[in-house]
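Taking the working numbering, the leading residue of the sequence shown gets 1194, the next gets one more, and so forth.
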Amino acid sequence: MKVTYYGHSCFEVISGGKSMLFDPFITPNPLASSVNISNINPDYMLISHGHEDHVADAVSIAKQSNCTCISIWELTAWLTSKGVSNVHPMNIGGSREFDFGTVKMVNAVHSSTMPDGMPGGAPTGFVIQNAEDCFYYAGDTALHSDMQLIPRRHKLKCAFLPIGSNFTMDAIDAIEAARMLGTNTVIGMHYDTFGYITINHEETHRAFQLAGINLHLLKIGETLTL
Ligand code: NI
Ligand code: MN
């Protein structure tokens, strides 16, 4: 799988022969000013929850690319109300096979309201599985014990976990999450974008190193192959 970082919690993942964009928040993010969203045309968009810092560019990228937008029912209803035509609603606990692999929608412990006040449903995460890859994108979440259920059915290659604290779990909880998930490769997200979530990179890397877990903190625009 190839992972390209667009800042905050936004990644484009190529796996199973298709591209998936997660949680686009690019144009309002000053750290991501080098990214031109008109060049981002994924096959699919997966959105974890309704907060502005996860949906800011969802409608424009969905319209320009006509990608299939996968999210919880209420969030797809919001996308539809904004003129997005290609949506696939799911809900927590459900799985669905797509042409790149299977998506399972899983629990997240957070909140979710759309930027205009419409209901966002519940916050979610995703487990993606195909013949080559298997990964967990946690969305915004606290550490929670349901995570330990994921490796009973999925052998994860890596997990995308928030590490910025304040609105989500911190790096120490992310280490605990990685242990519960049975993976030793973590891609960090949801840090440094705002003052509330700035992290000390050196300390964070040291904590993961001591725990024996590989932490990737990608530069914006950087692509990682796993
Ligand atoms: Ni959020
Ligand atoms: Mn967020």
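Where a beta carbon is used, it is the ideal one built from N, C-alpha and C, also for glycine. Owing to the predicted nature of the structure, the values given are computational and were not obtained by experimental measurement.
| field | Straight-line Cα distance separating T1295 from I1233 | value | Their Cα atoms are separated by approximately 23 Å.
| query | Which residues in the same chain have their Cβ closer than 7 Å to the Cβ of Q1322, if we skip the five residues on either side of it in sequence? | reply | The residues are G1294, T1295, H1347.
| said: Going by DSSP, what residue range makes up the alpha helix (DSSP H) through A1270? | reply: Bounds of the alpha helix (DSSP H) holding A1270 are 1266-1274.
| said: I want to check one thing, is the minimum distance from the CB of H1337 to the heavy atoms of the ligand NI below 7 Å? | reply: H1337: no, Cβ never under 7 Å from the ligand NI.
| Taking C-beta to C-beta, are K1297 and V1320 nearer than 8 Å? | The criterion of a C-beta distance shorter than 8 Å is satisfied by K1297 and V1320.
| Going by beta carbon distance, what residues of the same chain come within less than 6 Å of S1288, once the five residues before and after it are set aside? | Contacts found: T1295, K1297.
| said: Less than 7 Å separating the Cβ of F1291 from some heavy atom of the ligand MN? | reply: Every heavy atom of the ligand MN is 7 Å or more from the Cβ of F1291, so no.
| task | Starting from the N-terminal end, write out each residue whose C-beta falls within a distance shorter than 6 Å of any non-hydrogen atom of the ligand MG. | result | In the structure on display, the ligand MG does not appear, and the ligands it does have are the ligand NI and the ligand MN.
| request: Select from F1387, N1377, G1388 the residue whose C-alpha is nearest the C-alpha of A1404. | output: Minimum Cα distance to A1404 is reached at N1377.
| Can you list, in chain order, the residues of its chain whose CB lies under 6 Å from that of A1200, leaving out five sequence neighbours each side? | First, the residue type needs correcting, since residue 1200 is Gly and not Ala in the sequence shown. Only N1222, L1224, A1225, I1413 meet the Cβ criterion.
| Same chain only: Cβ atoms within 8 Å of R1399, ignoring 5 sequence neighbours per side | Cβ within range, chain order: n/a, list empty.
| said: Suppose the cutoff is 8 Å on Cβ atoms and the five residues either side in sequence are ignored; what does the same chain contact list for M1362 look like? | reply: These residues qualify, in order along the chain: T1334, A1335, L1336, L1354, P1355, I1356, A1370.
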